[in-house]
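Residue numbers (this note's numbering): 12 to 527.
Beta carbons are placed, not taken as given, at the ideal position from N, Cα and C, and that holds for glycine.
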C-alpha cells in the first residue's frame, strides 16, 4: 500500500471517528446547558476550566517541537528514541506535578486575578472547582506527549479513539449520575476522570510501538531534551495567544452581568468543535508530511502550502456562512431546554455569528503556523503572537464599552486576522512562499459560491421560521434545519462546478486512488 493510500485511509478513519466524537462532545455541551444554563454556577465552571486550560499550555506547546524531534531522534535508532521518550516523560511528570501543586495552593489568588468580578459564593465556588481540577494539568501533559509520539509515527487513529472514549465517559456521567449529584463540582471531577481515560488509551497504544516504558534520570543533561525545551519555549509563548485572548475576554466579562461568560462559552463550543475537527483532520495528519517535505524540497513545500490553503478555503467558507445564516435555529435546537431559556438564547445567538468568523482565521493560521514549525522557526510566530495579544487587549477595552461582550469577540476576530496576515507576509519574506494568484482566485471563487449558498439558505430559513411557528414541534425544527444544511451543501457544490474549481477534480482523483 502506497503512503498516500495509507494516509488517505487514516484520514478517512479519523474523519469518521472524529465526526462521531464531536457529536458526542456536542451532546455533552447540550447536557451542560440543560442542567446549568447561563448561570453563576456555569460561569464559575467555565472560568475554572479556562484557568486550567491556560496552564495546560505548557504541554500543548510541546506539539510543535516534539513531532520534528521524534522524527529526528528516530533516525538514530529505536533505542535512542525510547530513551528520549522516557527521559521526556520523567521531566514532564515532575514539572507538571509542581505546576499542579502550585495552582492548587494559589487558586484563591488566581481566581481573584482572572475573575475580578466574581465575589461571595461565586468566587468561593470557582476556587473549589479550580482546586478540584488541578490534576487535569498533569494528565493533559502525559496525554499530549504520547499523542504527539503517535502522530510522529503517523498513527492518527488512537488519538481519535481516545477522544471518543473521553466523550463516552462524559455521557455516562450525565445519563447515570443521580440528579442530586449533577453539580458543577462533580462535573469538574468528571473532567479529571475523562482525561485520565484519554491518557491511558494513548499510553497503551504507544506501548505497542515502544514496549515497556520506564522513568529515567539525566533529564537536564540530555542534549535532545535541551533542544526540545529550546524549541518549545517560543512555541509556548506563541501558543498562549489564543488562550491569553480568551482569558482576557473572561477577565473583562467577569465584571459584566451574569451569564455573559456562559453565553460566550456555549457559542464558542459550537464553532470550536468544527475548528478542532478541521484542524485534527487537515493539519495534524499533514504536519509530519510537511516536516519531511520542508527538509527535502522547498518548491514542493511552496506548492503544498498554496494547494492546502485553497482546499481549506473551499472547505471552511460554506461552514462559516451556514452558521451565520442559521445561528438562531442552531442555538434553539442545541441548547434551549431546561435551565437554558430563551433569554440565554438571545445572549448566545449573536456570539455564535461572530465566533463563526474565527473558524476561518484560526484554521488558516494554524496551517501556516505548522510551516514555520516544520522549518523549526519558533521565534517569529512567538513575536507575531505577542503582537496579536497586545492588539486584542487594547481592542477589548475599547470595544467592550460600546458593544459589551460582543465587543470582546470582535476584538478577538481583529487579532486573529492580524495574526493570519502576518504569517502570510513573513512566510513570503523568510521562505519566498508566495500564496500567489491561485490563492486569490480561490478566495474569489469560494466567496462567490458561499454568497450564493448563503442567499438561498437565508430565504429558505425564513420560510422555515414560518413553518416552525405553525407546526411548533421539535421534529419540524430538526427536519427543517437538516434540509437547509443539505440544500446549502448542494447549492455550494453546484456553484463550485459552475466556477470550474480545480480542487473538486483533485478530490475526486484522490478518493479514487484511495479506493483503488
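Contacts around residue i, its chain only, beta-carbon distance under 6 Å, and the 5 residues preceding and following it disregarded
i, result
"residue 510", "456"
"residue 262", "125"
"residue 313", "444"
Local conformation of residue i per DSSP, three classes
i, result
"residue 386", "coil"
"residue 219", "helix"
"residue 531", "Shown here, the chain extends from 12 to 527; a query on residue 531 therefore has no answer."
"residue 132", "helix"
"residue 376", "helix"
"residue 66", "helix"
"residue 491", "helix"
"residue 468", "helix"
"residue 440", "helix"
"residue 84", "helix"
"residue 140", "helix"
"residue 317", "helix"
"residue 120", "helix"
"residue 481", "At residue 481, the pLDDT of 48 sits below 50, so the modelled position is not reliable and the matter cannot be decided from this model."
"residue 329", "helix"
"residue 445", "coil"
"residue 337", "coil"
"residue 13", "Confidence at residue 13 is low in this model, with a pLDDT of 49, below 50, so its placement is unreliable and the value that follows should be read with caution. It is coil, neither helix nor strand."
Distance between beta carbons of residue j and residue i, contact taken as under 8 Å
i, j, result
"residue 49", "residue 355", "4 Å"
"residue 147", "residue 201", "Not a contact, Cβ separation roughly 11 Å."
"residue 94", "residue 349", "That belief does not hold up - the Cβ atoms of residue 94 and residue 349 are roughly 53 Å apart, past 8 Å."
"residue 80", "residue 239", "5 Å"
"residue 51", "residue 133", "5 Å"
"residue 492", "residue 337", "7 Å"
Neighbourhood of residue i by C-beta, 7 Å cutoff - its chain only, sequence neighbours within 5 removed
i, result
"residue 380", "392 and 434"
"residue 425", "402 and 406"
"residue 438", "379, 382 and 444"
"residue 481", "Residue confidence is low: residue 481 scores 48 on pLDDT, short of 50, so the model does not pin down where it sits. Its coordinate-derived value is still stated next. Answer for residue 481: no residue qualifies."
"residue 471", "495 and 498"
"residue 44", "277, 346 and 351"
"residue 284", "33, 36 and 37"
Residue nearest to residue i in terms of C-alpha spacing, selected from the options
i, options, result
"residue 443", "316, 376 and 322", "316"
"residue 130", "54, 385 and 101", "54"
"residue 41", "65, 237 and 274", "274"
"residue 345", "332, 333 and 360", "360"
"residue 506", "463, 319 and 496", "463"
"residue 324", "451, 138, 400 and 352", "451"
"residue 27", "490, 167, 310 and 471", "167"
"residue 123", "141, 108 and 493", "141"
"residue 466", "334, 119, 157 and 286", "334"
"residue 150", "188, 182 and 64", "64"
Local Cβ density within 10 Å of residue i, reported as buried at 16 or more and exposed below that
i, result
"residue 357", "exposed"
"residue 272", "buried"
"residue 417", "buried"
"residue 216", "buried"
"residue 377", "buried"
"residue 226", "exposed"
"residue 340", "buried"
"residue 362", "buried"
"residue 15", "The predicted model places residue 15 with a pLDDT of 49, which falls under 50 and marks its position as unreliable; any figure quoted below should be read in that light. Answer is exposed; the Cβ neighbour count stays below 16."
"residue 495", "buried"
"residue 67", "buried"
Sequence-distant residues of the same chain with beta carbon closer than 8 Å to residue i, five excluded per side
i, result
"residue 212", "169, 172, 173 and 176"
Interface flag, residue i vs chain E, CB-CB below 8 Å
i, result
"residue 314", "No chain E is present in this structure, which holds just one protein chain."
Residue i CB to nearest heavy atom of the ligand MN below 7 Å
i, result
"residue 277", "With respect to the ligand MN, the structure shown offers nothing to examine, as it has no ligands at all."
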